[in-house]
Every structure is written in C-alpha cells, then in structure tokens.
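Participant:
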Amino acid sequence: MGLQRTATGDYRLHGDLSFATVPELYRVASGQWAEQMPAVLDLADVGRSDSAGLALLVEWLGQARSSRTELHFTHVPDQLAQLIRISGLSETFGLHD
C-alpha cells in the first residue's frame, strides 16, 4: 500500500486497503497531511479492501470535515463501493447507483 502525491496536488492510493496495511498507511498519511488534507483521493489503484480500510476512509472524512476541507474519493473500486453500500455509507461517500 502506498500514497502518492500527483502533479495536481491530489493523492493516489495504490495496493490493498486492509487490516494489514491500514496502520502504516495512517501513519504515512498523517505525516504528509499534517498541514492540509487533500481535496481528492484517487482510489483507482486500490486492490482488495476490507472493513479496516473502510474505517480509515471514514476517519479521513472526519478529519477533513474537522479541518473544514471537503474530501472527495474518485475511481472507487467495485469491491470497496459494495462495502460502502452494505455499510449504509453511500450518501457519506457520494456514491449513487
């Protein structure tokens, strides 16, 4: 799992978003986003996702709101989108069927 800043200043996640990767990803993101949360997080390169990964995304949404930033997720993979829907978080993530 990695976090990469794009040329536009947004960020892209790549790899699995799971129980095994969340602690390190949280640590890395906290360092990179200490001053400002990104506006867009591209999830196109995310592989397998689980509830820990979803919990991390929810945490980041909360942090963004606390800092008065709107965080948008783009290219949400199907598996993660299904997990979001099953969890009743479609509206929170701006997912529309």
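Numbers 5 to 101, taken from the working numbering, label the letters of the sequence shown in order. Backbone N, C-alpha and C define an ideal beta-carbon position, used for all residues, glycine too.
Would you mind giving the Cβ-Cβ distance between G19 and T25, rounded to the nearest angstrom? I have them listed as a contact below 8 Å.
Facilitator: Yes, G19 and T25 are in contact; Cβ-Cβ is about 6 Å, under 8 Å.
Participant: Let's test the definition: count the other Cβ atoms within 10 Å of the Cβ of V32 and tell me whether it reaches 16, buried, or not, exposed.
Facilitator: When all chains shown are included, V32 counts as exposed.
Participant: Considering only their Cβ atoms, is the gap separating A85 from L75 smaller than 8 Å?
Facilitator: No; because the gap between Cβ atoms is not below 8 Å, this pair is not in contact.
Participant: Taking the CB atoms as reference points, tell me whether S22 and A59 lie closer together than 8 Å.
Facilitator: In this structure, A59 does not lie closer than 8 Å to S22 by Cβ.
Participant: Give me the residue from R52, L45, S70 with the minimum Cα distance to F97.
Facilitator: It is L45.
Participant: The alpha helix (DSSP H) that contains S34, what's its start and end?
Facilitator: Residues 26-36.
Participant: Can you check DSSP and say which residues form a bridge with F97?
Facilitator: In the DSSP output, where bridge partners are listed per residue, F97 has none listed.
Participant: By Cβ distance below 8 Å, which residues in the same chain neighbour Q83 in space, the five residues on each side in sequence not counted?
Facilitator: Within the same chain, Q83 has close Cβ partners R52, S53.
Participant: Mind checking who D46 pairs with in its DSSP beta bridge?
Facilitator: Answer is R16, T78, bridged to D46.
Participant: Quick one: what's L21 bridged to in DSSP?
Facilitator: Answer is S53, bridged to L21.
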